[in-house]
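Quick notes on the structure that follows.
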Amino acid sequence: MNESDLNRIKEKISPPGSLLIKGPGALKGTVRVSGSKNAVLPILAATLITDKKCTIRNVPDLTDISIMVELLKILGKKVAREGTVLYIEKEEDTPGVAPYELVRMLRASILVMGALAAGRNSFRVAMPGGCLIGERPIDIHLKGLKKMGAEIKVSGGFVELDASGLKGSVITLDFPSVGATENLAIAACGTTDKTVLENIAVEPEIEELFSFLKSLGAKVKHRGSSVSIKGRSRYGGADFTVMDDRIQAGTYVIAGAVQGSDVRVEFSSPETLDALVEKLIECGCFVDTGSDYIHIRTPERLKSTDIRTSPYPGFPTDLQAPFTALMSCADGVSVVNETVFENRFLHCGELKRMGADIEIKKDFAVVQGVEKLTGAPVAAKDLRGGASLVIAGLLAQGVTRIIETDHIWRGYEDITGNFKKLGAEIWTE
Ligand code: UD1
Numbered sequence: 194m195n196e197s198d199l200n201r202i203k204e205k206i207s208p209p210g211s212l213l214i215k216g217p218g219a220l221k222g223t224v225r226v227s228g229s230k231n232a233v234l235p236i237l238a239a240t241l242i243t244d245k246k247c248t249i250r251n252v253p254d255l256t257d258i259s260i261m262v263e264l265l266k267i268l269g270k271k272v273a274r275e276g277t278v279l280y281i282e283k284e285e286d287t288p289g290v291a292p293y294e295l296v297r298m299l300r301a302s303i304l305v306m307g308a309l310a311a312g313r314n315s316f317r318v319a320m321p322g323g324c325l326i327g328e329r330p331i332d333i334h335l336k337g338l339k340k341m342g343a344e345i346k347v348s349g350g351f352v353e354l355d356a357s358g359l360k361g362s363v364i365t366l367d368f369p370s371v372g373a374t375e376n377l378a379i380a381a382c383g384t385t386d387k388t389v390l391e392n393i394a395v396e397p398e399i400e401e402l403f404s405f406l407k408s409l410g411a412k413v414k415h416r417g418s419s420v421s422i423k424g425r426s427r428y429g430g431a432d433f434t435v436m437d438d439r440i441q442a443g444t445y446v447i448a449g450a451v452q453g454s455d456v457r458v459e460f461s462s463p464e465t466l467d468a469l470v471e472k473l474i475e476c477g478c479f480v481d482t483g484s485d486y487i488h489i490r491t492p493e494r495l496k497s498t499d500i501r502t503s504p505y506p507g508f509p510t511d512l513q514a515p516f517t518a519l520m521s522c523a524d525g526v527s528v529v530n531e532t533v534f535e536n537r538f539l540h541c542g543e544l545k546r547m548g549a550d551i552e553i554k555k556d557f558a559v560v561q562g563v564e565k566l567t568g569a570p571v572a573a574k575d576l577r578g579g580a581s582l583v584i585a586g587l588l589a590q591g592v593t594r595i596i597e598t599d600h601i602w603r604g605y606e607d608i609t610g611n612f613k614k615l616g617a618e619i620w621t622e
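In terms of my numbering, the sequence shown opens at residue 194 and continues consecutively.
See the structure below:
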C-alpha cells in the first residue's frame, strides 16, 4: 500500500475533532440505532469466500466499516455503497496481503485470515499487535488454523499462511474468543470435510455470521457452545440484512438511565440486552421491553449495583465503560469486575478528572457514587470508553469537551444527531 492510498483512506475516514456536551441533561424521546458494526465486519470478511455478488443491507456508516471495505478492495473486491447497502463483487485476483497500515487501524482486519484460508491460498496478514485495552493476542486463531492443516510462520510482523492443505478438524477453543470463533468458522467453509468447533463464543453477531455463511451455501449446525460446519467447493451470492447494533442500543439505554430521563430505543434484538436490563432494574429504573424496543424511565437518583463482565449472555464488556460512568453518580458503592479484557478501565482516569470517585484494584473498579460530576476536558482512549464520557457529560454540571474522538466515530453512527434528538445539548467542533 503506497503513501497516497493511505492518505486517501485517512482523509475519507477523518471525522470532526472534539465532541462537546453541556450537562446535566435528562433525555426524552425515541432513538433508532443503525446496523451492527460487529456483525457486519466478519460478514464483509466472509464475502471473500465467494466470487458471486453479495448485497449486504443495514450497514452502518462508520470508520471501521470503511477500513474493512478498503481491505476488501485490496483483496480483489469491487465494493459500491448506496445508503446503507453494500454491493460486493469480485474484480480481480490479488496476491492476498492484508497490509500493516490497515490492520493497525482496524484490528478486526484479521478476520480476513479465515476467508483467505478458505480459498486455500498462501497469504500474509499483518500481526495486529496489542492495543490500549489489552495485549489481545491471536494465539487461539492461529492454533485453530494450524489444527485445520494451515502452515503458519510469523515473520517480519506478518503471519504467513499456506492453507493449501486445509482439512476438516475438531477444535476446542481455549477461550470463547469472538474473533477466533468467526475466523475459524469462515475458514471451515473452505473444505467439504466436516469441522467441529467447541467452546465457541455465542455472541448474537456470531449467530448472524452463521446465518450469512448458510445463505452462501455452507452447511452450519449450531448448538450451544458447539458448531459443525461443512463447506463446499463453490459458493453462491447472497442478499443479507444485518441485525441492528445491540451495543449502540445498550449505550442509549444506559444514557436513558440518567436521572429524569424517559427514552425509547428501537432495535431488532432487545432480548440480547437482558443482562443489562436486569442490572438497570436493580438500580431502580423502570424498563419495558417489546419485540423491537426497550423503553427506560428513571425519575429518581439510581441505586448502586455490582457488575461482572463475561462472554454472552453475560454482561457485555463493551457496555462496562458506559455503565461505570452511570454508576459514578449512583447512590452507594458499585463494584465493577472486568473479566474479558485485562486493561479496560482507561475511561476511569478520565471520569476521575470529572469528579468521579473510583479506585482500580487489578480487574476491579470500586466506584463510590458522588452527587454530581463536573464538566472537564477529557480524552476518549478507546471506543466504548469514549461513549462512557458522553454519558458522564450528561451527568456533569457544565461543559465536557471530549478529544481524540476518532475512537467514538469508529462505533457510533451519528452519535451527535441521536443524542440531539433525545434533547441533549451536544455538538462537534
Ligand atoms: C470482539 C468485539 C469486541 C468485544 C469482544 C468481546 C468485534 C469486532 N469486536 O473482539 O467489541 O469487546 O469481542 O466481546 O467483534 N484472546 C486471546 N487469544 C486470542 C483471542 C482472544 O487471548 O487468540 C483474548 C483477548 O485478548 C481478550 C479476550 O480473549 O482478552 C476476548 O477477546 P475476543 O473475544 O477475541 O474479542 P475480539 O474478537 O477481539
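Glycine included, every Cβ here is placed at the ideal spot set by N, Cα and C.
It should be emphasised that the depicted structure is a prediction, and the values quoted were computed from it without experimental measurement.
message: In the DSSP output, which residue or residues are listed as bridge partners for S421?
response: V389, K414
task: State yes or no: is the C-beta of Q513 within less than 8 Å of the C-beta of V528?
output: no
message: Checking 8 Å against the spacing of the C-beta atoms, do I260 and L299 come in under that value?
response: yes
- prompt: Taking Cβ to Cβ, would you say T277 is nearer than 8 Å to E459?
  reply: no
message: Taking only three categories from DSSP, how would you classify A580?
response: helix
Beta-bridge pairing of C522 - partner residues as DSSP gives them: Its beta-bridge partners do not exist; DSSP assigns none.
- request: Give the C-beta separation of T510 and V533 to the nearest angstrom, bearing in mind that I take them to be a contact with Cβ-Cβ under 8 Å.
  value: 4 Å
Beta-bridge partners of R225, as assigned by DSSP: E459
field: Closest Cα partner of V290 within the set G269, E284, E275
entry: G269
message: Measuring only from the beta carbon, is L234 closer than 7 Å to any heavy atom that is part of the ligand UD1?
response: yes
task: Give me the Cα-Cα distance between S521 and D550, rounded to the nearest whole angstrom.
output: 7 Å
message: If you measure between the beta carbons of L338 and A319, is that distance less than 8 Å?
response: no
query: How is L268 classed by DSSP in three states: helix, strand or coil?
result: coil
- request: Determine the extent of the alpha helix (DSSP H) in which V296 is found, giving its start and end residues.
  value: 293-298
Inter-residue Cα distance where the pair is L139 and E471: There is no way to answer for residue 139, as the model of the chain reaches only from 194 to 622.
field: Backbone CA spacing between I333 and T243 [nearest angstrom]
entry: 25 Å
field: Paired residues, beta bridge with R427 - DSSP
entry: Per DSSP, none; premise fails for R427.
task: Taking the CB atoms as reference points, tell me whether A523 and G562 lie closer together than 8 Å.
output: yes
- request: Specify the secondary structure class of Y486 as computed by DSSP and reduced to three states.
  value: strand
task: May I ask whether a heavy atom of the ligand GTP can be found less than 7 Å away from the beta carbon of P330?
output: Looking at this structure, you won't find the ligand GTP anywhere; what it does contain is the ligand UD1.
Unbroken beta strand (DSSP E) run spanning S408, endpoints: That residue, S408, is in no beta strand (DSSP E); its alpha helix (DSSP H) goes 397-409.
- prompt: Around the Cβ of K271, are there at least 16 other Cβ atoms within 10 angstroms (buried) or fewer (exposed)?
  reply: exposed
message: With three or more C-beta pairs closer than 8 Å as the rule, is the segment 400-411 touching the segment 374-385?
response: yes
- request: Report the rounded CA-to-CA distance for M547 versus I364, giving the unit in angstroms.
  value: 47 Å
task: Taking all protein chains shown into account, decide if E398 is buried (16 or more other Cβ within 10 angstroms of its Cβ) or exposed.
output: buried
query: Candidates R225, A219, R537, K554: which alpha carbon is nearest M436's?
result: R225
message: Suppose the cutoff is 6 Å on Cβ atoms and the five residues either side in sequence are ignored; what does the same chain contact list for V371 look like?
response: A394, E396
- prompt: If we ignore side chains and look at the alpha-carbon of each, how far apart do V389 and I489 end up?
  reply: 41 Å
field: Cβ shell of R457 (< 6 Å), same chain only, five flanking positions each side left out
entry: T223, Y486, H488
task: Tell me where the alpha helix (DSSP H) around D332 begins and ends.
output: 332-340
field: Segment limits, beta strand (DSSP E) that includes C247
entry: 247-250
- request: Verify the contact flag: H415, CB atom, against every heavy atom of the ligand UD1, threshold strictly below 7 Å.
  value: no
field: Residue closest to A589, alpha-carbon to alpha-carbon, out of N251, E564, D599
entry: E564
- prompt: With distances taken from CA atoms, which of E391, V347, E353, D286 is nearest F316?
  reply: E353
task: Figure out for me which residue from S426, R313, V262, Y445 has the closest Cα to the Cα of P463.
output: Y445
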